[in-house]
């Protein structure tokens, strides 16, 4: 009997622990961006709430409903992404649960920007911003004459 009680207690604790884990693949809105070339990203988290940004890739038969987490960002940062197709999801922690944002807005790709996404709790708000550009992009300046290179 003690073993059964111990097993039940372990199972109950495991379900509580997993309830507090972020599961971005369950969110309905998963903006997608892609490039056949390497990319750079800049993530800015301006909210005082606890947010995590997830960049996922879809692979049939993959881990979480086919989504594999490629990168997790807890604080504002910048970095590199390999060429490919990514889905972006930001989750907010509230009361021990991770919540999908009610507002996900994206600017259309333009010029040197592959994606410009905002995740927030209110319309027009941007608690988490993700900007993705080609990794070899340099702004055009009169002195350099540099331009985006594929």
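Residue numbers (the numbering used here): 13 to 162. Where a beta carbon is used, it is the ideal one built from N, C-alpha and C, also for glycine. Model, not experiment: these values are computed from the prediction.
Length of the line joining the Cα atoms of residue i and residue j
i: residue 110; j: residue 147; result: 31 Å
i: residue 116; j: residue 140; result: 10 Å
i: residue 89; j: residue 73; result: 30 Å
i: residue 122; j: residue 107; result: 38 Å
i: residue 131; j: residue 75; result: 24 Å
i: residue 102; j: residue 124; result: 23 Å
i: residue 77; j: residue 36; result: 11 Å
i: residue 84; j: residue 57; result: 13 Å
i: residue 134; j: residue 113; result: 9 Å
i: residue 32; j: residue 91; result: 27 Å
8 Å Cβ cutoff met for residue i and residue j
i: residue 69; j: residue 55; result: no
i: residue 129; j: residue 118; result: yes
i: residue 38; j: residue 100; result: no
i: residue 127; j: residue 45; result: yes
i: residue 104; j: residue 40; result: no
i: residue 71; j: residue 80; result: yes
i: residue 64; j: residue 34; result: yes
Three-state class that DSSP yields for residue i in the structure shown
i: residue 50; result: coil
i: residue 158; result: With a pLDDT of 48 at residue 158, under the threshold of 50, the predicted position of this residue should be treated as unreliable, and no value is reported.
Below-8 Å beta-carbon distance, residue i vs any chain C residue
i: residue 45; result: No chain C is present in this structure, which holds just one protein chain.
Terminal residues of the beta strand (DSSP E) in which residue i lies
i: residue 63; result: 63-70
i: residue 95; result: Premise fails: residue 95 is in no beta strand (DSSP E) and is neither H nor E.
i: residue 110; result: 109-111
i: residue 118; result: 115-119
i: residue 84; result: 79-85
i: residue 141; result: 140-146
i: residue 129; result: 127-132
query = At a cut of 8 Å, does the stretch 40-58 reach the stretch 90-99 through at least three beta carbon pairs?
reply = By the Cβ criterion, the stretch 40-58 is in contact with the stretch 90-99, since at least three pairs of Cβ atoms, one from each stretch, lie closer than 8 Å.
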